[in-house]
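In what follows, a structure is listed as structure tokens, so that the remarks can point back to it.
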Amino acid sequence: MTDMLIFAIFFAVLATMNLYRLTKGPNAADRMVAGDAMDNLICCAMILFSLYSGRGIYLDIAVLAALFGIIDTILVGRYLEKGRGL
Amino acid sequence: MILQIVCDVLFLISVVFALAGTLGIIKMPDTFSRMQASTCVSTLGVLGVIIGGILYAAIVMHSASTAIKIGVIGLMILVTNPIGSHVLARGAYKSGIRPEKPMETDDLGRDFDE
Amino acid sequence: MQKTKFSAVLATFVLCFAFWILLTWSFTLQELIAGAVVSLLVSLFAARFFIHVKAGWLVHPGRFFSCLLFWIFIFPVELIKANLNMAKICFGGCKAINPGIVKVPTAMKSDYGLAAVSNSITLTPGTITMETAEDEEGQNWLYVHWINVEETDPEKAGNAIKGTLEKGLRRVWE
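Chains as they are written, first to last, in the numbering used here: chain A, 75 to 160; chain B, 7 to 120; chain C, 1192 to 1365.
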């Protein structure tokens, strides 16, 4: 049971390592790549923590994180391509 | 007990691939190579957690709704991730971002730059 | 703006309603009626942006089972091979890379086939589809960013990138 918590902490540490590229990255596309990876890792950490604590509300947070992650990636990509969003 | 070990092995595989992707994002030299490394995080790095979580929720916790919600999250990440990656790569190329070291071949620049 | 077809509305409605049931996971009558009303409204407005060609293309036993066969048996093998390759590059210090953009031909004609092939290519680590284009003879081309360019000839590069993927997907779409 505790191993879920340990793996969740691993994922949170990996998401924190991506923060280096998020702050330093030379241009907007680099920052967005790091943000997307952080989003997926936080989703994984939420799933593991929900299995550890046995409460379903963390899964709803993970669903919303996955949905909004894709929306802001597409928004930034279209903005870089055309100079305006969507 | 055996199921616990199987789940732990799946989570460990997932952590290893996520570590590989994160190291790639930090150390790769140019933007497009970083995007390739981030695909590693969002495929096997997520898939191990999804499969292990479904097994654990269905067999140990006996809760079907948790298992199905985890499956929906995994399907959503796997279906939507290539679209975002494709749009971001095309936007970065069209807005003039090029790697410092010239690429091996650049057919896109050859065909579309007048 | 094209007209809204009934089959497109029906397909979108089924998708929205299944998603509602998956998210709420309660089977009382009130919840089901509320979900049906909301997904009917959404599908009336959104069906014409969502489905352009035939809505019931996958409702056909041959197509459905070859689609299932592809996503369960053929694709994960390619995915795991590419992932191991990428992990080897990343743990080795990211030195052994040789990036480039190559142009490969594809045999797909329809929109759904092109989308399936390019998304499968993007989902395997090491290759990202950047642009699709069609030339004068109706041949479709994909521009693929490849982390380790081995071939620059279009036919050979196409075989190395998407040989097995396209062979599996040709049975579903064309």
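Here a beta-carbon is modelled for each residue, glycine too, at the ideal position from N, C-alpha and C.
Computed from a predicted structure; not experimentally measured.
Legend entry - residue 106 of chain B: contacting residues in chain C (beta-carbon distance under 8 Å): The count along the second sequence starts at 1 and reaches residue 106 of chain B at position 100. In chain C, no part has a C-beta under 8 Å from the C-beta of residue 106 of chain B; the shortest such distance is about 12 Å.
Inset, instruction - Counting only runs of 4+ residues fully inside the segment 1202–1272 of chain C, write out the alpha helix (DSSP H) ranges in chain order. - result: Counting only runs of 4 or more residues that sit fully inside the segment 1202–1272 of chain C, the alpha helix (DSSP H) segments are 1220–1241, 1252–1260, in chain order.
Inset, instruction - Give the range of the beta strand (DSSP E) segment to which residue 1358 of chain C is assigned. - result: Indexing the third sequence from 1 puts residue 1358 of chain C at position 167. Under the DSSP assignment, residue 1358 of chain C falls outside any beta strand (DSSP E), being part of the alpha helix (DSSP H) whose first and last residues are 1345–1360.
Inset, instruction - Have a look at residue 94 of chain B and residue 38 of chain B and give me their C-alpha separation to the nearest angstrom. - result: Reading the second sequence from its first residue, position 88 is the one you call residue 94 of chain B. Reading the second sequence from its first residue, position 32 is the one you call residue 38 of chain B. Those two C-alpha atoms are separated by around 10 Å.
Legend entry - Range of the contiguous beta strand (DSSP E) that encloses residue 1321 of chain C: In the third sequence, counting from the first residue as 1, residue 1321 of chain C sits at position 130. Note, residue 1321 of chain C: beta strand (DSSP E), 1318–1325.
Legend entry - Helix, strand or coil at residue 1339 of chain C [DSSP, three-state]: As a position in the third sequence, residue 1339 of chain C is number 148, starting the count at 1. Strand.
Inset, instruction - Determine, using beta-carbon pairs with one atom in the segment 78–90 of chain B and one in the segment 1290–1299 of chain C, whether at least three such pairs fall under 8 Å. - result: Using a Cβ-Cβ distance cut-off of 8 Å, the segment 78–90 of chain B and the segment 1290–1299 of chain C are not in contact, since fewer than three pairs of beta carbons, one from each stretch, lie closer than that value.
Legend entry - Residues, ordered as in the chain, of the segment 39–71 of chain B that lie near chain C by beta-carbon distance below 7 Å: So the close ones are 39, 41, 42, 43, 45, 46, 49, 50, 71.
Inset, instruction - Can you give me the Cβ contacts of residue 119 of chain A inside the same chain, cut-off strictly under 6 Å, excluding the 5 residues immediately before and after it? - result: By one-based count along the first sequence, residue 119 of chain A stands at place 45. Shown here for residue 119 of chain A: same chain residues with a beta carbon closer than 6 Å to its own, the five before and five after excluded, namely 82, 85, 86 in chain order.
Legend entry - Whole-angstrom distance between residue 1275 of chain C and residue 1348 of chain C, CA atom to CA atom: The residue labelled residue 1348 of chain C in the question sits at position 157 within the third sequence. The residue labelled residue 1275 of chain C in the question sits at position 84 within the third sequence. Cα atoms of residue 1348 of chain C and residue 1275 of chain C: separation of roughly 20 Å, rounded to the nearest angstrom.
Inset, instruction - Determine the chain A residues that contact residue 17 of chain B at a beta-carbon separation under 7 Å, and present them in chain order. - result: Mapped onto the second sequence, residue 17 of chain B falls at position 11. Chain A residues near residue 17 of chain B: 81.
Inset, instruction - Hey, could you find the ends of the alpha helix (DSSP H) residue 1296 of chain C is sitting in? - result: For the purposes of this step, residue 1296 of chain C is identified with residue 105 of the third sequence, where counting begins at 1. It is not in any alpha helix (DSSP H) - residue 1296 of chain C instead sits in the beta strand (DSSP E) that spans 1291–1297.
Inset, instruction - Measuring only between beta-carbons, confirm whether residue 148 of chain A sits less than 8 Å from chain B. - result: For this step, residue 148 of chain A is matched to residue 74 along the first sequence. The Cβ of residue 148 of chain A sits closer than 8 Å to at least one Cβ of chain B.
Inset, instruction - Could you work out which residues of chain B lie near residue 142 of chain A, taking near to mean beta carbons separated by less than 8 Å? - result: The residue given as residue 142 of chain A occupies position 68 in the first sequence. Within chain B, no residue comes near residue 142 of chain A; the closest Cβ sits about 11 Å away, beyond 8 Å.
Legend entry - At least three beta-carbon pairs within less than 8 Å, the segment 21–41 of chain B to the segment 145–160 of chain A: Output reads no: the segment 145–160 of chain A does not touch the segment 21–41 of chain B.
Inset, instruction - From the DSSP output, in three-state form, read off residue 1331 of chain C for me. - result: Translated into positions along the third sequence, residue 1331 of chain C becomes position 140. Strand, per DSSP.
Legend entry - Segment contact, 8 Å Cβ cut-off, at least three pairs: the segment 1272–1286 of chain C with the segment 99–108 of chain B: They do not touch, by the three-pair rule.
Legend entry - Check whether residue 44 of chain B and residue 107 of chain A have beta carbons under 8 Å apart: Position 38 of the second sequence holds residue 44 of chain B. Position 33 of the first sequence holds residue 107 of chain A. It is a contact, given that the beta carbons lie within the stated cut-off.
Legend entry - Strand pairing of residue 113 of chain A, partner residues [DSSP]: As a working mapping, residue 113 of chain A is identified with position 39 in the first sequence. DSSP, once it has assigned bridges, lists no residue as partnering residue 113 of chain A.
Inset, instruction - Could you tell me how far apart the beta carbons of residue 9 of chain B and residue 88 of chain A are, in whole angstroms, since I believe they sit closer than 8 Å? - result: In the second sequence, residue 9 of chain B corresponds to position 3, counting from 1. In the first sequence, residue 88 of chain A corresponds to position 14, counting from 1. Here residue 9 of chain B is actually not in contact with residue 88 of chain A; their C-beta atoms are around 25 Å apart, not less than 8 Å.
Legend entry - Beta-carbon neighbours of residue 86 of chain A, restricted to chain B and to distances below 7 Å: Position 12 of the first sequence, counting from 1, holds the residue named residue 86 of chain A. Those within 7 Å of residue 86 of chain A in chain B number zero; the least Cβ separation is about 11 Å.
Inset, instruction - Could you tell me whether any Cβ in chain C is nearer than 8 Å to the Cβ of residue 26 of chain B? - result: Translated into positions along the second sequence, residue 26 of chain B becomes position 20. So, interface residue.
Inset, instruction - Would you check if there are 3 or more beta carbon pairs closer than 8 Å linking the segment 1332–1343 of chain C to the segment 108–117 of chain B? - result: Short answer: they touch.
Inset, instruction - Could you list the residues in the segment 1273–1300 of chain C with a C-beta less than 8 Å from some C-beta on chain B, going in chain order? - result: Taking 8 Å as the Cβ-Cβ cut-off against chain B, the residues of the segment 1273–1300 of chain C that qualify are 1274, 1277, 1278, 1280, 1281, 1282, 1284, 1285, 1288, 1289, 1290, 1291, 1292, 1293, 1294.
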